[in-house]
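Residue numbering for the first sequence is 3 to 588, as defined by the numbering used here.
Data block below; observations after.
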Amino acid sequence: MANRELAKIFNEIALYFEMDGAPFKPQAYEKAAINLETLSEDVKDIYKKGGREALEEIPGVGKNIADKVIEYIKVGRIKEYEKLKKKTPVSIDELISVEGIGPKGVSYLYKKLKIKNLKDLERAAKAGKIRNLPNFGKKKEQNILEGIEFVKRSKGRFLLGEILPKVQEIISELKKLKEIKQISEAGSVRRRKETIGDVDILITSPNPKKVIDYFTVMPGVVKIWGKGPTKASVRLSVGVGIDVDLRVLPNSQFGSALQYFTGSKEHNIILRKIAIDKGLKLNEYGLFRGPKMIAGRTEKEVYAALKMDYIEPELRENQGEIEAALRQARGKPNGLPKIIGYKDILGDLHCHSNWDGGNNSIEEMAKTAQKMGYQYIGIADHTKFLRIENGLNEKQLIERNKEIDKINKKFQASGSKFQVLKGCEANIMADGSIDIDDKVLAQMDFVIAGVHSQMKMLKVQMTKRIIRAMKNPNVDIISHPTGRILKKRDEYEIDFDELLKIAKETGTILEINAFPVRLDLNDVHIKKAKQAGVKMVINTDAHKKEHLRFIEYGISQARRGWAEKKDIINTWPLEKLIRAIKNRED
DNA sequence: GCCGTTTTCGGCCCGACTGTTTTCAGTCG
Numbered sequence: 003m004a005n006r007e008l009a010k011i012f013n014e015i016a017l018y019f020e021m022d023g024a025p026f027k028p029q030a031y032e033k034a035a036i037n038l039e040t041l042s043e044d045v046k047d048i049y050k051k052g053g054r055e056a057l058e059e060i061p062g063v064g065k066n067i068a069d070k071v072i073e074y075i076k077v078g079r080i081k082e083y084e085k086l087k088k089k090t091p092v093s094i095d096e097l098i099s100v101e102g103i104g105p106k107g108v109s110y111l112y113k114k115l116k117i118k119n120l121k122d123l124e125r126a127a128k129a130g131k132i133r134n135l136p137n138f139g140k141k142k143e144q145n146i147l148e149g150i151e152f153v154k155r156s157k158g159r160f161l162l163g164e165i166l167p168k169v170q171e172i173i174s175e176l177k178k179l180k181e182i183k184q185i186s187e188a189g190s191v192r193r194r195k196e197t198i199g200d201v202d203i204l205i206t207s208p209n210p211k212k213v214i215d216y217f218t219v220m221p222g223v224v225k226i227w228g229k230g231p232t233k234a235s236v237r238l239s240v241g242v243g244i245d246v247d248l249r250v251l252p253n254s255q256f257g258s259a260l261q262y263f264t265g266s267k268e269h270n271i272i273l274r275k276i277a278i279d280k281g282l283k284l285n286e287y288g289l290f291r292g293p294k295m296i297a298g299r300t301e302k303e304v305y306a307a308l309k310m311d312y313i314e315p316e317l318r319e320n321q322g323e324i325e326a327a328l329r330q331a332r333g334k335p336n337g338l339p340k341i342i343g344y345k346d347i348l349g350d351l352h353c354h355s356n357w358d359g360g361n362n363s364i365e366e367m368a369k370t371a372q373k374m375g376y377q378y379i380g381i382a383d384h385t386k387f388l389r390i391e392n393g394l395n396e397k398q399l400i401e402r403n404k405e406i407d408k409i410n411k412k413f414q415a416s417g418s419k420f421q422v423l424k425g426c427e428a429n430i431m432a433d434g435s436i437d438i439d440d441k442v443l444a445q446m447d448f449v450i451a452g453v454h455s456q457m458k459m460l461k462v463q464m465t466k467r468i469i470r471a472m473k474n475p476n477v478d479i480i481s482h483p484t485g486r487i488l489k490k491r492d493e494y495e496i497d498f499d500e501l502l503k504i505a506k507e508t509g510t511i512l513e514i515n516a517f518p519v520r521l522d523l524n525d526v527h528i529k530k531a532k533q534a535g536v537k538m539v540i541n542t543d544a545h546k547k548e549h550l551r552f553i554e555y556g557i558s559q560a561r562r563g564w565a566e567k568k569d570i571i572n573t574w575p576l577e578k579l580i581r582a583i584k585n586r587e588d
């Protein structure tokens, strides 16, 4: 899609203007970039259908930026962007990823030392050339070198699945300190974004100094970036190293600070504007009328004082949640969704067993699921086309089903209602056919089908391929529908709207794959699927029993996509689930 | 550069910390 490329270009244009200190233009381009990126429809299609007018309907896109979008669609380039790049030919992205370097620094370093990229920067810093520049110094030069090391090692952001367990560990470690009254993660971790830059933790305590002192000498701290009376910033030696910011505040400000530091930035900007409209001021210290603080102890209090319902952190991306909360508080329709809760899942339908080379037996997987409080588990082993994953052929699938029957009898004999469902994750071949005979597929409780080969097909063909699979009456679920791998591989070229249309027609269920590198569908897709009335299922794709806990990340993603229990079939009890799978009109 | 039932011109979110200064710019969140 052109959307992401345009967003990237506009973000860079914003940075170029920021280098020159241009007022307001940077924010305008940034805003347009954000809105383009979260758009689920291809701008090319928007332009084709509605022309310039339709483009200007996109928030943040006015006459000027629309011109640039059109130029990009028609010529594949944007002249002004090329001009800016020529004037300052630097890898901005690369350079500003170094802690302490911003657009102004990039501009200055280029003018003075012709620094264009990370390599130039490293060379200049090592040669001691930076310390002599005005506004730079020895300390800053050292920080730059350390920043470069970090960028090289981490290459950007961390997966939520890598970070969240560590954050929970840090919090429980800090909780040991009796001076700590309240504690919570904030920032993108609390919003459960799929990737995380760094971690924010907020604490209330009558003795901030003690807390800060304890935090900065915690096991695993390898560097203290800064340490003040109420704030500290450290790097932890977790994996390649992650930065953690800690703030200590009084109880009276915990809500407003949590709100403020949870973000997103875009969500907060709108909230502050709403405050201003009401003659109030909102910052991390509270909500104020003149000098008087009128809210701040809890987040609920802050939202209520702004005349809106409480908004769950996963929704705070300025994607309509504020308007919905305002409507809801006024008792009007189209309020906030009752998003799915973290304890609403009753079973996991995409689990591999040792039959296809997974780590654990069917029984071990089932028992772990039972312990998690599930009512059922679906075993979906790979099928024969995926030789590398020990995919099962028809005969082996029938054999495996017999074992599942036996295990179910055992559960029954022990008085448990827990049930193992017979499934498979079959392969959608290049022509859209399935690699397992229909007669055997028909014997399954459910059939998942997924693309595992030839992922670089053209859009029309890939769309046709998946549609043909959806139209197979034996196929119930499409696994990881867009195929992206975070930090590694983009989604396939597909016409997602067309897929939704056919999914609705055929009653095909789309998977929200909870595996941390997948999280596929993403939040935007989930929201679209929900709006189209397409049902979804949250699955972990577990290859061993420890993976079953990944369900949490899938739920987060579903929440970020505004999904409710009624949209997610594995929040339903077994009988209703089976009905939904088999009687597809349901 | 965008936006508008108070506006087609004049606004556009806010504060702390660092490293460098000697009153502040840049960066970050």
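From the three backbone atoms N, C-alpha and C, an ideal C-beta is built for every residue, glycine too.
Quick caveat: nothing in here was measured; it's all calculated off a predicted structure.
Skipping 5 residues on each side, what residues in its chain have a beta carbon closer than 6 Å to that of residue i?
i, result
"residue 227", "235"
"residue 562", "316, 525"
"residue 349", "376, 377, 378, 379, 572"
"residue 20", "28, 105"
Compare the Cα-Cα distances from residue i to each of the options and report the closest residue.
i, options, result
"residue 476", "177, 583, 375, 466", "583"
"residue 506", "143, 535, 556", "535"
"residue 102", "125, 117, 144, 86", "144"
"residue 332", "315, 309, 339, 279", "309"
"residue 515", "552, 495, 137", "552"
"residue 78", "464, 8, 367, 311", "8"
"residue 221", "139, 57, 172, 256", "172"
"residue 560", "545, 307, 575, 521", "521"
"residue 346", "338, 529, 575, 358", "575"
"residue 444", "396, 164, 3", "396"
"residue 177", "204, 165, 151, 435", "204"
"residue 293", "501, 284, 299", "284"
"residue 237", "572, 34, 218", "218"
"residue 282", "307, 300, 82, 301", "307"
"residue 5", "20, 25, 35", "35"
"residue 211", "170, 244, 181", "181"
"residue 54", "472, 42, 70", "70"
CB-CB under 7 Å to residue i, same chain, minus the five flanking residues each way: which ones, in chain order?
i, result
"residue 197", "159, 160, 161, 162, 488"
"residue 183", "206, 207, 253"
"residue 549", "542"
Beta-carbon separation of residue i and residue j under 7 Å?
i, j, result
"residue 504", "residue 538", "no"
"residue 368", "residue 450", "no"
"residue 327", "residue 313", "yes"
"residue 318", "residue 269", "yes"
"residue 39", "residue 94", "no"
"residue 18", "residue 123", "no"
"residue 249", "residue 267", "no"
"residue 502", "residue 480", "no"
"residue 304", "residue 255", "no"
"residue 365", "residue 409", "yes"
"residue 126", "residue 115", "yes"
"residue 442", "residue 399", "yes"
"residue 265", "residue 298", "no"
Between residue i and the rest of its own chain, which residues show a CB-CB distance below 8 Å, the 5 nearest in sequence each way excluded?
i, result
"residue 459", "432, 467, 494, 495"
"residue 447", "380, 423, 424, 425, 580, 583"
"residue 272", "320, 324"
"residue 456", "432"
"residue 263", "188, 189, 202, 204, 249, 286"
"residue 92", "108, 112, 117, 118, 119"
With 16 other CB atoms within 10 Å as the buried threshold, where does residue i fall?
i, result
"residue 190", "buried"
"residue 429", "buried"
"residue 208", "exposed"
"residue 334", "exposed"
"residue 532", "buried"
"residue 462", "exposed"
"residue 414", "exposed"
"residue 427", "buried"
"residue 231", "exposed"
"residue 587", "Any reading at residue 587 needs caution, since the residue's pLDDT is 46, under 50, leaving its predicted position unreliable; the model's value is listed next. Flag for residue 587 reads exposed."
"residue 279", "exposed"
_Ordered list of alpha helix (DSSP H) runs contained in the segment 100 to 128, each at least 4 residues_ = 105 to 115, 120 to 128
*Start-end ranges of the beta strand (DSSP E) lying completely within the segment 159 to 222, minimum 3 residues*: 184 to 188, 201 to 206
*In chain order, which alpha helix (DSSP H) runs of at least 4 residues are fully inside the segment 281 to 346?*
301 to 307, 323 to 331
*In chain order, each alpha helix (DSSP H) run of at least 4 residues that lies wholly inside the segment 27 to 61*: 27 to 39, 45 to 59
*Whole runs of the alpha helix (DSSP H) within the segment 462 to 496, excluding any shorter than 4 residues*: none
*Complete runs of the beta strand (DSSP E) confined to the segment 485 to 550 [at least 3 residues]*: 511 to 515, 538 to 541
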